[in-house]
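Residue numbers (the working numbering): 21 to 322.
Remarks on the structure that follows.
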Amino acid sequence: YEEGMASNNDIEIYYRDYGPSNGDPILLVQGLGGQSINWPQHLIEFLIKNNFRPIVFDNRDTGLSSRIQSTSFDDENRNSTIIRSYIRYFLGLPIKSEYTIDDMANDAISILDTLNIEKAHVLGISMGGMIAQIVVSNHADRINTFTLIASTASTPSPFNGPTRKVRNLLMDRTKNPNATADERIERTRKIFKEIGYQGIDLNTEEFYKNVMTSIERGGTDDTGFGRQLSAILGSKNRIDKVKSISAPTLIIHGKEDPLIKVKNAYRMNKLIDGSKLIIIPDMRHLIEPPVFDQFKNDLLIH
Numbered sequence: 021y022e023e024g025m026a027s028n029n030d031i032e033i034y035y036r037d038y039g040p041s042n043g044d045p046i047l048l049v050q051g052l053g054g055q056s057i058n059w060p061q062h063l064i065e066f067l068i069k070n071n072f073r074p075i076v077f078d079n080r081d082t083g084l085s086s087r088i089q090s091t092s093f094d095d096e097n098r099n100s101t102i103i104r105s106y107i108r109y110f111l112g113l114p115i116k117s118e119y120t121i122d123d124m125a126n127d128a129i130s131i132l133d134t135l136n137i138e139k140a141h142v143l144g145i146s147m148g149g150m151i152a153q154i155v156v157s158n159h160a161d162r163i164n165t166f167t168l169i170a171s172t173a174s175t176p177s178p179f180n181g182p183t184r185k186v187r188n189l190l191m192d193r194t195k196n197p198n199a200t201a202d203e204r205i206e207r208t209r210k211i212f213k214e215i216g217y218q219g220i221d222l223n224t225e226e227f228y229k230n231v232m233t234s235i236e237r238g239g240t241d242d243t244g245f246g247r248q249l250s251a252i253l254g255s256k257n258r259i260d261k262v263k264s265i266s267a268p269t270l271i272i273h274g275k276e277d278p279l280i281k282v283k284n285a286y287r288m289n290k291l292i293d294g295s296k297l298i299i300i301p302d303m304r305h306l307i308e309p310p311v312f313d314q315f316k317n318d319l320l321i322h
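Structure (structure tokens):
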């Protein structure tokens, strides 16, 4: 693969272009706290095998991309800031964020510009799906197809968002950004156990190494997770934007998703004219091999 940095004004975005250069470009947009290296290898290999050119990147505030300087999320007032945000979130009041989902969409487009790619397929998962909705809506002439996995057009709320247990696990990460590596690995294991495919063993050396690689790559500063979460909660609903999407759209969602309830997928299907909806019965929020095997042929046809 080739790697580089794309610029969106003063924000630097790390990208990895798996090639081949004559493959059909597909931009993959990661979710909350996810890095470019966290895309499942089975997905990347499947795309390359079928003549696609996967391009992945670190959203701002993750991995090797720019960290956003913030006074709202320093250690001294972190807890009170996050608690205030959540109180406003539950009351339906505006939330201050350092940047918006729209800003992150501009980051994504900067990669296509840097690589001189006129048109691409776009696939987004979770928060990456929210970012991708803006990309696809604002840049219709540059989109071949749109694939939306485990995402929503609405700002997550107590009615359509995470279960209380998942919400508490996410809150724990925002409140404790200076946790040790082992604490962060255990925290990730707990989150994955709740949002991932049931029955997969997470107490393995492979899981430990993968999470440790992400921690080492992203550095000790984990404050970006809280800023990304605020961007999600502080961004406006994308209903009108989503209604305007004209690209052929495939929506994939887990029936048992505990982070973004499946009702969001049904609503998205109604909002995007001509979209196709696939509900995976035993999928939760991630795309492990047993989940991917159930929709990879539909993805390829799409």
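C-beta atoms are modelled at their ideal positions from N, C-alpha and C, and glycine is treated no differently.
Just so we're clear, the structure is a prediction, and the values are computed from it rather than from any experiment.
Whole-angstrom distance between residue j and residue i, CA atom to CA atom
i, j, result
"Q324", "N198", "Because the chain here runs from 21 to 322, residue 324 falls outside it and cannot be looked at."
"D161", "I265", "11 Å"
"G149", "L168", "6 Å"
"I75", "M25", "12 Å"
"T183", "G238", "27 Å"
"L249", "I215", "17 Å"
"Q314", "I211", "23 Å"
"I33", "R80", "6 Å"
"V156", "V262", "9 Å"
"I298", "H322", "12 Å"
"P268", "D293", "9 Å"
"G246", "M147", "13 Å"
"K316", "L190", "29 Å"
"Y35", "V231", "19 Å"
"E225", "E276", "27 Å"
"F166", "Q61", "20 Å"
"F93", "Y119", "A caution first: F93 carries a pLDDT of 48, below 50, which makes its placement in the model unreliable, though a value can still be read off. Cα-Cα distance, rounded: 13 Å."
"I137", "E23", "15 Å"
"G53", "M124", "13 Å"
"I115", "S90", "15 Å"
"L135", "E236", "27 Å"
Residue environment, residue i, which counts as buried when at least 16 other CB atoms sit within 10 Å
i, result
"E96", "Bear in mind that the predicted position of E96 carries a pLDDT of just 46, short of 50, making it unreliable; the figure below should be weighed with that in mind. Label assigned to E96: exposed."
"R304", "buried"
"G144", "buried"
"I259", "exposed"
"A19", "This structure cannot speak to residue 19, because the chain is shown only from 21 to 322."
"S117", "buried"
"S85", "buried"
"N289", "buried"
"D318", "exposed"
"D241", "exposed"
"Q50", "buried"
"L320", "exposed"
"G219", "exposed"
"Y21", "exposed"
"D37", "buried"
"D30", "exposed"
Residues near residue i in its chain [Cβ-Cβ closer than 8 Å; skip 5 each side]
i, result
"N284", "S171, T172, A173, S174, N180 and H273"
"N223", "R209"
"N71", "G43 and D44"
"T233", "I57"
"S41", "R73"
"Y217", "D302, M303, R304, L306, E308, P310 and V311"
"K185", "E214 and P278"
"N257", "A173, S174 and T175"
"Y228", "I205"
Cβ neighbours of residue i in the same chain (closer than 7 Å, five flanking residues each side left out)
i, result
"D221", "none"
"L132", "L47, A140 and R162"
Integer Cβ distance of residue i from residue j, believed to fall under 8 Å
i, j, result
"N28", "N158", "Going by Cβ atoms, the distance from N28 to N158 rounds to 14 Å, so no, they are not a contact pair."
"I252", "I121", "7 Å"
"I46", "L67", "6 Å"
"I271", "K296", "7 Å"
"G244", "R87", "6 Å"
"D192", "R207", "6 Å"
Range covered by the beta strand (DSSP E) that runs through residue i
i, result
"A26", "E22 to N28"
"K296", "K296 to I300"
"E32", "I31 to D37"
"H273", "T269 to G274"
"N164", "I163 to I169"
"D44", "D44 to V49"
Element boundaries [alpha helix (DSSP H), containing residue i]
i, result
"K353", "Because the chain spans 21 through 322 in this model, residue 353 falls outside it and cannot be assessed."
"L291", "K283 to L291"
"N126", "I121 to T134"
Residues near residue i by beta carbon distance below 6 Å, same chain, minus five either side
i, result
"D302", "none"
"N164", "K139 and H141"
"Q55", "D78, T82, G83 and S234"
"K324", "Residue 324 is absent from the model: the chain starts at 21 and stops at 322."
"V282", "H273 and K275"
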